[in-house]
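Comments concern the structure below.
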Amino acid sequence: HNTPNIKHNTSTHSTHKRTPQSPNLLSSRRKKDIMKLKHLESILSRIPQHAFPNPNIQLEQYPTSPHLASSVMLSAYNLGDVGEGKAALDLGCGTGMLMLGCVVMGCDKVWGVDCDAEVMEVARENLRVMMEEEEEEEEEEEEKCQVEFALGKVRHDAVPIHSGGGGRGGGGRHSKRGGGRGGRGRSRGGNQTSTQQPPPPPPCSKSEDDDGIPLQSKIVDTVFTNPPFGTKHNAGIDIQFLRVALRLAKTAVYSFHKSSTRDYIVKTVKHWNTMMEKTEQGEKMEVEVIAQMKFDIGNTYKFHKQKSVDVGVDLIRVSFVEKEEEKQKEEET
């Protein structure tokens with residue numbers, strides 16, 4: 002559907018960042034520990050509100066767990082996509098878990114983008130509390146690090162289909178299989194919908210591309226997105242999130258998708274490369290699955306019958322080839 006009356010409501014928060022000699026937000030004594038999953042997870046676990054105050058099933062709103070966010074951040078750090086000198090953005094930030102992960106990792110600038118103003122206020126409050134705790138532990142002189150918020154909704158024209166199942170909150174009957182950690186939410190099962198949609202056009206590099214997000218193209222180095230998986234009423238919404246994320250990123254995008262749609266996601270990115278080669282527009286991209294995991298979806302909505310359900314999910318990284326080559330040359334020199 003077309004999203005009417007997109008609001009552009011940006012605001013800036015001054016957070017604190019270490020001086021250039023000690024670039025991470027964390028104090029020097031904790032700097033080494035942050036590279037350990039348990040320590041990073043412990044920091045993010047102190048965020049006061051993970052859950053959505055009034056979860057909206059149409060937006061497939063489920064909380065992202067500290068464990069999941071920590072795993073993603075460490076993967077991105079090891080690949081040089083977050084940290085000192087980097088700008089990052091969380092597309093569909095919800096209560097801010099991935100966004101705050103980027104802040105903790107020491108990025109110079111971080112954006113949180115969401116369409117739900119109430120939820121964005123929760124993310125702001127989580128940021129405020131986290132920074133107050135950090136200031137209490139900090140003794141050295143600090144420099145400012147920008148965290149900005151923008152209100153906007155990814156525009157998506159879906160072709161309704163009539164197969165069963167769906168995305169994060171769709172119907173379907175699954176058995177609990179144990180294991181796994183919670184993500185921002187997934188469907189309780191059903192057939193896949195993305196694979197029944199034709200691929201959308203390649204990501205547009207022009208800022209005037211009207212996709213519902215009021216930010217200029219290539220505004221950050223890295224974009225993280227935990228998109229809706231889509232239902233029979235909004236099939237392909239996850240691909241549209243990926244498309245918008247690639248417009249906003251200079252270097253790489255980290256995106257979650259159902260494992261059962263893996264082949265379709267990879268084929269779509271390759272299709273975009275082919276189209277861009279023919280038109281001699283856009284940058285060549287590489288796609289890889291860097292993690293496979295289980296999302297443990299809790300009983301969030303009234304229609305949920307089981308306490309929790311596991312959903313197989315891939316963390317997919319799409320990167321721009323030229324930027325990857327530039328990074329390699331910098332590392333060699």
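Under our numbering, the first residue of the sequence shown is numbered 2, with each subsequent residue one higher. Each residue gets a CB set at the ideal place from its N, CA and C atoms; glycine is no exception.
Backbone secondary structure at Gln50 - three-state DSSP: As a working mapping, residue 50 is identified with position 49 in the sequence shown. Three-state result, Gln50: coil.
Met74 beta carbon less than 8 Å from that of Leu128: For the purposes of this step, residue 128 is taken as the residue at position 127 of the sequence shown. For the purposes of this step, residue 74 is taken as the residue at position 73 of the sequence shown. In this structure, Met74 does not lie closer than 8 Å to Leu128 by Cβ.
Cβ of Glu85 within 8 Å of any chain B Cβ: Among the chains in the structure shown there is no chain B, since it carries only a single protein chain.
Euclidean distance between Cα positions of Ser218 and Gly313: Taking the first residue of the sequence shown as position 1, residue 218 is located at position 217. Taking the first residue of the sequence shown as position 1, residue 313 is located at position 312. Each residue's alpha carbon lies about 31 Å from the other.
Closest Cα partner of His157 within the set Ala151, Leu69 and Pro200: Locating residue 157 in the sequence shown gives position 156, counting from the first residue. His157 has its Cα closest to that of Pro200, out of Ala151, Leu69 and Pro200.
Classification of Gln329 by the beta-carbon crowding that lies within 10 angstroms, buried from 16 upward: Here the question's residue 329 lines up with position 328 in the sequence shown. Classification for Gln329: exposed.
Three-way DSSP call (helix, strand, coil) for Gly103 in this model: To locate residue 103, count along the sequence shown from 1; it is residue 102. Sequence check: residue 103 is Cys here, not Gly. Three-state result, Cys103: helix.
Beta-carbon proximity check, Leu92 vs Phe230, cutoff 8 Å: As a first step, residue 92 must be located in the sequence shown, where it is residue number 91. As a first step, residue 230 must be located in the sequence shown, where it is residue number 229. No, the pair does not count as a contact, with Cβ atoms beyond the cut-off.
Status (buried if at least 16 other CB within 10 Å, exposed otherwise) for Val155: In the sequence shown, residue 155 corresponds to position 154, counting from 1. Classification of Val155: buried, given that the 10 Å Cβ count is 16 or more.
DSSP bridge partner residues for Ala118 (one or two, in chain order): The residue you call residue 118 lines up with position 117 of the sequence shown. In the DSSP output, where bridge partners are listed per residue, Ala118 has none listed.
Beta-carbon separation (whole angstroms), Ala250 vs Val288, contact threshold 8 Å: For the purposes of this step, residue 250 is identified with residue 249 of the sequence shown, where counting begins at 1. For the purposes of this step, residue 288 is identified with residue 287 of the sequence shown, where counting begins at 1. Contact doesn't hold; Cβ gap of about 13 Å is too wide.
Segment contact, 8 Å Cβ cut-off, at least three pairs: the region 114-121 with the region 78-85: No, they do not touch.
Separation of Val322 from Lys285, as counted between CA atoms: Looking up residue 285 in the sequence shown gives position 284. Looking up residue 322 in the sequence shown gives position 321. In this structure, the straight-line span from the alpha carbon of Lys285 to that of Val322 is close to 6 Å.
Extent of the continuous alpha helix (DSSP H) run through Leu69: By 1-based counting over the sequence shown, the position of residue 69 is 68. Unbroken alpha helix (DSSP H) run through Leu69: Pro67 to Asn79.
Where Lys87 sits in the DSSP three-state scheme: Your numbering for residue 87 matches position 86 in the sequence shown. Of the three classes helix, strand and coil, the one that applies to Lys87 here is coil, per DSSP.
Local Cβ density within 10 Å of Lys295, reported as buried at 16 or more and exposed below that: For the purposes of this step, residue 295 is identified with residue 294 of the sequence shown, where counting begins at 1. The residue in question, Lys295, is buried, as its Cβ has 16 or more Cβ neighbours within 10 Å.
Terminal residues of the alpha helix (DSSP H) in which Asp239 lies: The residue given as residue 239 occupies position 238 in the sequence shown. Taken as a continuous stretch (DSSP letters only), the alpha helix (DSSP H) holding Asp239 covers Ile238 to Leu249.
Secondary structure of Arg31, DSSP reduced to three states: Numbered from its first residue, the sequence shown carries residue 31 at position 30. The predicted model places Arg31 with a pLDDT of 46, which falls under 50 and marks its position as unreliable, so this point remains unresolved.
Contacts around Pro49, its chain only, beta-carbon distance under 8 Å, and the 5 residues preceding and following it disregarded: Taking the sequence shown and counting its residues from 1, one reaches residue 49 at position 48. The residues are Glu126, Asn127 and Val130.
Three-way DSSP call (helix, strand, coil) for His258 in this model: Mapped onto the sequence shown, residue 258 falls at position 257. Note: His258 maps to strand in three-state DSSP.
Cα-Cα separation between Met276 and Cys205, rounded to whole angstroms: Position 275 of the sequence shown, counting from 1, holds the residue named residue 276. Position 204 of the sequence shown, counting from 1, holds the residue named residue 205. Spanning the two alpha carbons is a distance of roughly 12 Å.
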